[in-house]
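Here the structure is laid out as structure tokens; the discussion comes afterwards.
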Amino acid sequence: MRGPKATIHLDRLIANYDQVKSRINDKTIMAVVKADGYGHGSIPCAVALESYGCNFFAVFTPEEGIELRDIGIKSDILVFCRIDVNQLDLAIQFNLTLNVADPSDVDALIAYYKTNGQSPQFHLKIDTGMTRLGLDMNAMNHVVQKLVEHPELNCGGIYSHYPYRTSLFELTAAAGDVILVPGLVRTTFTVSNFKKISKDK
Ligand SMILES: Cc1ncc(COP(=O)(O)O)c(C=O)c1O
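Here the sequence shown is numbered in this note's numbering, starting from 19 and rising by one per residue.
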């Protein structure tokens with residue numbers, strides 16, 4: 019092979035995982051192994067991390083998630099890309115967690131539930147300034163209202179991709195009026211409590 023080559027030492031990956039883990043009070047780490055682990059090999063990285071105790075991975079597409087399922091990854095897998103209504107069956111079949119990043123995504127899930135009587139698990143994605151994907155605060159209010167009306171939908175969490183470290187505090191300040199109804203998400207919290215569940219301490 020011509021050109022630069024990166025050699026990934028899995029023992030060092032694990033040592034880095036340990037370093038991060040020791041700084042976040044043993045909270046859950048979601049290892050992002052999208053796009054073939056940014057070209058570093060999603061499969062060997064995920065296998066090594068899972069066997070070491072990591073139980074949450076993120077990929078970009080459902081196909082990437084299925085690739086991990088096919089080699090036996092049992093952990094939660096979050097899919098970053100926009101929901102494709104044609105892939106909701108796959109999400110259920112392979113137990114992939116989708117992300118709701120637009121109000122129309124909720125409509126698609128409601129329609130899917132009406133036809134199939136099931137909802138794939140999903141997290142709400144909030145845009146805190148990265149501006150690529152996610153609900154702004156107005157859309158968030160709208161989506162939360164819809165989820166209150168549709169408790170059959172399987173909302174398992176809420177997340178954001180911070181554009182920079184301090185956006186966490188901006189979100190906390192900006193989101194005071196957005197309340198997630200207790201019971202709607204697995205853990206009861208308000209968006210203004212986001213800091214409490216964040217690993218960015
Ligand atoms: C570390 C990490 N987190 C989250 C995401 C999700 O990105 P986006 O902000 O486009 O949803 C990505 C890129 O896909 C990423 O590399």
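From the three backbone atoms N, C-alpha and C, an ideal C-beta is built for every residue, glycine too. These numbers were taken from a predicted model, which means no experiment stands behind them.
Residue j beta carbon less than 8 Å from that of residue i
i	j	result
residue 109	residue 72	no
residue 161	residue 124	yes
residue 113	residue 140	no
residue 35	residue 26	no
residue 126	residue 95	no
Residue range of the beta strand (DSSP E) that includes residue i
i	result
residue 118	116 to 118
residue 176	172 to 178
residue 77	74 to 77
residue 94	94 to 97
residue 143	139 to 144
Contacts around residue i, its chain only, beta-carbon distance under 8 Å, and the 5 residues preceding and following it disregarded
i	result
residue 32	66, 67, 70
residue 153	118, 119, 120, 121, 142, 143, 144, 145, 161
residue 58	24, 26
residue 132	none
residue 76	48, 49, 50, 51, 52, 95, 96, 97, 98
residue 149	181
Span of the alpha helix (DSSP H), counted from its first residue to its last, around residue i
i	result
residue 168	No alpha helix (DSSP H) holds residue 168; DSSP gives it neither H nor E.
residue 67	60 to 69
residue 125	121 to 134
residue 37	28 to 41
residue 223	This structure gives no information on residue 223, because the portion of the chain shown stretches from 19 to 219.
residue 52	52 to 56
residue 109	106 to 111
Residues of its chain near residue i, where Cβ-Cβ distance is below 7 Å and the 5 sequence neighbours each way are ignored
i	result
residue 185	Only weak support is given to the placement of residue 185: the predicted model assigns it a pLDDT of 46, under 50, and the value that follows is read from those uncertain coordinates. Taken in chain order, the residues that qualify are 146, 147.
residue 29	none
residue 80	97, 105, 108, 109, 114
residue 92	none
residue 191	Any reading at residue 191 needs caution, since the residue's pLDDT is 43, under 50, leaving its predicted position unreliable; the model's value is listed next. Excluding sequence neighbours, residue 191 sits near nothing in its chain.
residue 87	112
residue 39	47
Chain-order list of residues whose beta-carbon lies under 6 Å from that of residue i (same chain, five-residue window excluded)
i	result
residue 89	61
residue 169	none
Problem set entry | Contact shell at 5 Å, judged by CB to any heavy atom of ligand 1, ordered along the chain | 50, 98, 148, 150, 151, 179
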